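Here the structure is laid out as structure tokens; the discussion comes afterwards.
Number of protein chains: 2
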Amino acid sequence: MVGRKKTQGGKKHVILVSNDDGIRSPGIKAIASALKKLGEVYVVAPDRERSAASHSLTLHRPLRVHRVGPREYAIDGTPTDCITLALKVKGILPMRPSIVVSGINMGGNLGEDITYSGTVSAAMEGTLLGIPSIAVSLVARRNFNFRASARFAARFVRLILENGLPKDTLLNVNVPSAGRIKGARITRQGKRVFGDVVVEKVDPRGKKYYWIGGDMLRWEGGEDTDFAAVAKGYISITPVHLDMTNYSAVSGLQHWKF
Amino acid sequence: MVGRKKTQGGKKHVILVSNDDGIRSPGIKAIASALKKLGEVYVVAPDRERSAASHSLTLHRPLRVHRVGPREYAIDGTPTDCITLALKVKGILPMRPSIVVSGINMGGNLGEDITYSGTVSAAMEGTLLGIPSIAVSLVARRNFNFRASARFAARFVRLILENGLPKDTLLNVNVPSAGRIKGARITRQGKRVFGDVVVEKVDPRGKKYYWIGGDMLRWEGGEDTDFAAVAKGYISITPVHLDMTNYSAVSGLQHWKF
Numbered sequence: 009m010v011g012r013k014k015t016q017g018g019k020k021h022v023i024l025v026s027n028d029d030g031i032r033s034p035g036i037k038a039i040a041s042a043l044k045k046l047g048e049v050y051v052v053a054p055d056r057e058r059s060a061a062s063h064s065l066t067l068h069r070p071l072r073v074h075r076v077g078p079r080e081y082a083i084d085g086t087p088t089d090c091i092t093l094a095l096k097v098k099g100i101l102p103m104r105p106s107i108v109v110s111g112i113n114m115g116g117n118l119g120e121d122i123t124y125s126g127t128v129s130a131a132m133e134g135t136l137l138g139i140p141s142i143a144v145s146l147v148a149r150r151n152f153n154f155r156a157s158a159r160f161a162a163r164f165v166r167l168i169l170e171n172g173l174p175k176d177t178l179l180n181v182n183v184p185s186a187g188r189i190k191g192a193r194i195t196r197q198g199k200r201v202f203g204d205v206v207v208e209k210v211d212p213r214g215k216k217y218y219w220i221g222g223d224m225l226r227w228e229g230g231e232d233t234d235f236a237a238v239a240k241g242y243i244s245i246t247p248v249h250l251d252m253t254n255y256s257a258v259s260g261l262q263h264w265k266f
Numbered sequence: 009m010v011g012r013k014k015t016q017g018g019k020k021h022v023i024l025v026s027n028d029d030g031i032r033s034p035g036i037k038a039i040a041s042a043l044k045k046l047g048e049v050y051v052v053a054p055d056r057e058r059s060a061a062s063h064s065l066t067l068h069r070p071l072r073v074h075r076v077g078p079r080e081y082a083i084d085g086t087p088t089d090c091i092t093l094a095l096k097v098k099g100i101l102p103m104r105p106s107i108v109v110s111g112i113n114m115g116g117n118l119g120e121d122i123t124y125s126g127t128v129s130a131a132m133e134g135t136l137l138g139i140p141s142i143a144v145s146l147v148a149r150r151n152f153n154f155r156a157s158a159r160f161a162a163r164f165v166r167l168i169l170e171n172g173l174p175k176d177t178l179l180n181v182n183v184p185s186a187g188r189i190k191g192a193r194i195t196r197q198g199k200r201v202f203g204d205v206v207v208e209k210v211d212p213r214g215k216k217y218y219w220i221g222g223d224m225l226r227w228e229g230g231e232d233t234d235f236a237a238v239a240k241g242y243i244s245i246t247p248v249h250l251d252m253t254n255y256s257a258v259s260g261l262q263h264w265k266f
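These protein sequence lines are chains A and B, in that order. In this text, residue positions in the first sequence follow my numbering: the first is 9, and each later residue adds one. In this text, residue positions in the second sequence follow my numbering: the first is 9, and each later residue adds one.
Structural data, given as structure tokens:
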């Protein structure tokens, strides 16, 4: 377990909040506000939307840190950049944070979304740096009501502050649209089946261009998946492991004549 | 197993090659050339370096596809974009590829590098699309000699074409600098310990900026890791699973009062 510790002598927890929708997103404001009762909340987030940024790091250019309010910093980089700079640049945080909270994302991060998601990646970076981390997403397409999901997220953060998390593991939380939440389930990562995802169009000069989009057709994987939980009105909590080794494949591969 | 099939009636394999160093990288030229004896090689790669692009997708702007040579296409996007467009845009590939090969990357992709790496992400995207996929990196900092690693990579590609790969699993291959290769080992993902990774400087106008960099201090994880294999002069072959669920954590979390 990492991060399991008591606060000493009334010393408050420092809570680091980021996201991939950008610092002006209502989702990050909702969660930052809900977490204030648990500790000192610092928001360090991208200065604009960086959805699908995945776990990318900005290595080819310098980054700027702008203080935009009390304990609020905007960075012209990815969610991963934000966590890295929050931890490494002196003067942002007063001490090492007790937890990294990423979200609330406007839209779900289910199944293999976690490999693309900037929201989950901020939690990944926290985990890699040895800090318990949680990513929270609201599975909706419009009418984002962040109030209920922020309240649940705060409850989960409190549990993590009390219990810590297993090593190299983050929690990926997806909350169904408000109004029909039946409870929470521990789930495994499901699998999407996508339809055509590339749209071909012609620009004003007659040249072709392509836009990646497309919709999920269905999901696979059974009743214990993240998709199934959310579809039935439950909050999905998936423990995500950063050791991606397929251990069950190791022995089979040993027989190959490499 | 996916992708295990015989070529029928002398029909050639289509091999899709990409990378994150960009289409002009000597690493991609070396591997494309070495694979020509195994099938029809199509190169679809970023038009410039996209290192540390991770599994990011370009969703906020359109993408262009430029044919730059016979069976060679440059795209103004990430490695993940390249695989997506290669598969979805009509007229690039004559048929579904038998395998996706990403690399040869100039530099290792060891331990948690795989969560940042554009090279590995191209193989991830191939795997998500149900195509056996392999990422190949040369663990060197200068004097990149791609000849030996391309030869080994071609041997591994042949093995995958014959045997397929376990479901949702890619192979992450790291080749030590040439001249001292002792063989190949099936490994697990190790763990880096980083030093300070952010450099603070002042720009000509007197304003601070930050640049992410820094060096690995050491690695952890024992003799069966990717780091250990490469350090001892062996090629490291790690089976990487896209189901990131930490199954061993599920039962413990069931007891939490979510």
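Glycine included, each C-beta is placed from N, C-alpha and C at the ideal position. Since this is a predicted model, take the numbers as computed values, not measurements.
Open item on the list: Can you find the residues in the same chain that come closer than 8 Å, C-beta to C-beta, to residue 196/A, ignoring five residues on each side of it along the sequence?
Closed with: Walking along the first sequence from the start, residue 196/A turns up at place 188. Here the set comprises 229, 232, 233, 234, 246.
Open item on the list: When you compare the CB positions of residue 143/A and residue 111/A, do they come within less than 8 Å of one another, or not?
Closed with: Looking up residue 143/A in the first sequence gives position 135. Looking up residue 111/A in the first sequence gives position 103. Yes, they are a contact pair.
Open item on the list: Taking 8 Å as the limit between beta carbons, can you name the residues of its chain near residue 55/A, skipping five residues before and five after?
Closed with: Here the question's residue 55/A lines up with position 47 in the first sequence. Around residue 55/A: 30, 31, 74, 82, 83, 84.
TODO: Could you tell me which of 89/A, 213/A, 57/A sits nearest to residue 70/A, measuring between CA atoms?
DONE: In the first sequence, the residue the question calls residue 70/A occupies position 62. Nearest of 89/A, 213/A, 57/A to residue 70/A, Cα basis: 89/A.
Task: Contacts around residue 133/B, its chain only, beta-carbon distance under 6 Å, and the 5 residues preceding and following it disregarded - done: Locating residue 133/B in the second sequence gives position 125, counting from the first residue. The residues are 88, 91.
Task: Burial state of residue 17/B (16 or more Cβ within 10 Å) - done: Here the question's residue 17/B lines up with position 9 in the second sequence. Model confidence at residue 17/B stands at a pLDDT of 49, short of 50, so the residue's coordinates are unreliable; what they give is reported in the following sentence. Exposed, because fewer than 16 other Cβ atoms sit within 10 Å of the Cβ of residue 17/B.
Task: Endpoints, the beta strand (DSSP E) within which residue 220/B is located - done: Residue mapping note: residue 220/B aligns to position 212 of the second sequence, counting from 1. 216 to 220 is the extent of the beta strand (DSSP E) around residue 220/B.
Open item on the list: Assuming contact is defined by CB atoms lying nearer than 8 Å, are residue 182/B and residue 145/B in contact in what I supplied?
Closed with: By 1-based counting over the second sequence, the position of residue 182/B is 174. By 1-based counting over the second sequence, the position of residue 145/B is 137. Against a cut-off of 8 Å, the Cβ pair of residue 145/B and residue 182/B comes out as a contact.
Task: Proximal residues, the stretch 109 to 120 of chain A versus chain B, C-beta separation under 9 Å - done: Listed in sequence order: 120.
Open item on the list: Cβ closer than 9 Å: which chain B residues qualify as neighbours of residue 47/A?
Closed with: Counted from its first residue, the first sequence places residue 47/A at position 39. Within chain B, no residue has its beta carbon less than 9 Å from that of residue 47/A; the closest one is some 20 Å off.
Task: Below-8 Å beta-carbon distance, residue 16/B vs any chain A residue - done: Locating residue 16/B in the second sequence gives position 8, where the first residue counts as 1. Low confidence applies here, because residue 16/B scores a pLDDT of 47, under 50, leaving its location unreliable and the question unanswered by this model.
Task: Neighbour flag for residue 260/A against chain B, beta carbons, 8 Å - done: Sequence index remark: in the first sequence, residue 260/A carries index 252 (1-based). For residue 260/A, the answer is yes, since a Cβ of chain B falls inside 8 Å of its Cβ.
TODO: Determine the contact status of residue 198/B and residue 236/B, defining contact as a CB-CB distance below 8 Å.
DONE: Mapped onto the second sequence, residue 198/B falls at position 190. Mapped onto the second sequence, residue 236/B falls at position 228. Cβ atoms of residue 198/B and residue 236/B: closer than 8 Å.
- [ ] Please classify residue 103/A: is it buried, with 16 or more other beta-carbons within 10 angstroms of its beta-carbon, or exposed?
- [x] As a working note, residue 103/A is residue 95 in the first sequence. Answer is exposed; the Cβ neighbour count stays below 16.
- [ ] Just the C-alpha distance for residue 122/B and residue 61/B, rounded to the nearest angstrom, thanks.
- [x] Numbered from its first residue, the second sequence carries residue 122/B at position 114. Numbered from its first residue, the second sequence carries residue 61/B at position 53. Looking at the two C-alpha atoms, the distance is approximately 11 Å.
Task: Whether residue 64/A touches residue 33/B by CB criterion (8 Å) - done: By 1-based counting over the first sequence, the position of residue 64/A is 56. By 1-based counting over the second sequence, the position of residue 33/B is 25. Against a cut-off of 8 Å, the Cβ pair of residue 33/B and residue 64/A comes out as no contact.
TODO: Could you tell me the distance, in whole angstroms, from the CA atom of residue 257/B to the CA atom of residue 217/A?
DONE: Taking the first residue of the second sequence as position 1, residue 257/B is located at position 249. Taking the first residue of the first sequence as position 1, residue 217/A is located at position 209. Distance between the alpha carbons of residue 257/B and residue 217/A is about 45 Å.
- [ ] Could you check which residue in 39/B, 253/B, 97/B has the C-alpha nearest to that of residue 176/B?
- [x] Counted from its first residue, the second sequence places residue 176/B at position 168. The shortest Cα separation from residue 176/B among 39/B, 253/B, 97/B belongs to 253/B.
Open item on the list: Determine, for residue 192/B, whether the minimum Cβ-Cβ distance to residues of chain A falls below 8 Å.
Closed with: The count along the second sequence starts at 1 and reaches residue 192/B at position 184. Using a Cβ-Cβ cut-off of 8 Å, residue 192/B counts as an interface residue toward chain A, since at least one Cβ of chain A sits closer than that to its own.
Open item on the list: Quick check on residue 127/B - is its C-beta less than 8 Å from some C-beta in chain A?
Closed with: Numbered from its first residue, the second sequence carries residue 127/B at position 119. Not one beta carbon of chain A lies nearer than 8 Å to the beta carbon of residue 127/B.
Open item on the list: Give me the DSSP bridge partner(s) of residue 182/B.
Closed with: Here the question's residue 182/B lines up with position 174 in the second sequence. Residue 182/B is bridged to 145/B, 244/B.
TODO: Mind reading off the beta-carbon distance from residue 158/B to residue 42/B? Whole number of angstroms is fine, and I expect it under 8 Å.
DONE: For the purposes of this step, residue 158/B is identified with residue 150 of the second sequence, where counting begins at 1. For the purposes of this step, residue 42/B is identified with residue 34 of the second sequence, where counting begins at 1. Indeed they touch by this definition, with Cβ atoms about 4 Å apart.
Open item on the list: So for residue 154/A, helix, strand or coil by DSSP?
Closed with: By one-based count along the first sequence, residue 154/A stands at place 146. Correct three-state label for residue 154/A: helix.
TODO: Classify residue 47/A as buried or exposed, calling it buried when 16 or more other Cβ atoms lie within 10 Å of its own Cβ.
DONE: By one-based count along the first sequence, residue 47/A stands at place 39. Burial call: buried.
Open item on the list: According to DSSP, simplified to helix, strand and coil, what is residue 86/B?
Closed with: What you label residue 86/B is simply residue 78 of the second sequence in a count that begins at 1. Coil, per DSSP.
Open item on the list: Give me the subset of the stretch 61 to 86 of chain B whose CB atoms are less than 9 Å from a CB atom of chain A, sorted by chain position.
Closed with: 61, 62, 63, 64, 65, 66, 67, 68, 69, 70, 71, 72, 73, 83, 85, 86
Open item on the list: Between residue 124/A and chain B, is any beta-carbon pair separated by less than 8 Å?
Closed with: Numbered from 1 along the first sequence, position 116 holds the residue referred to as residue 124/A. Yes, its Cβ sits closer than 8 Å to a Cβ of chain B.
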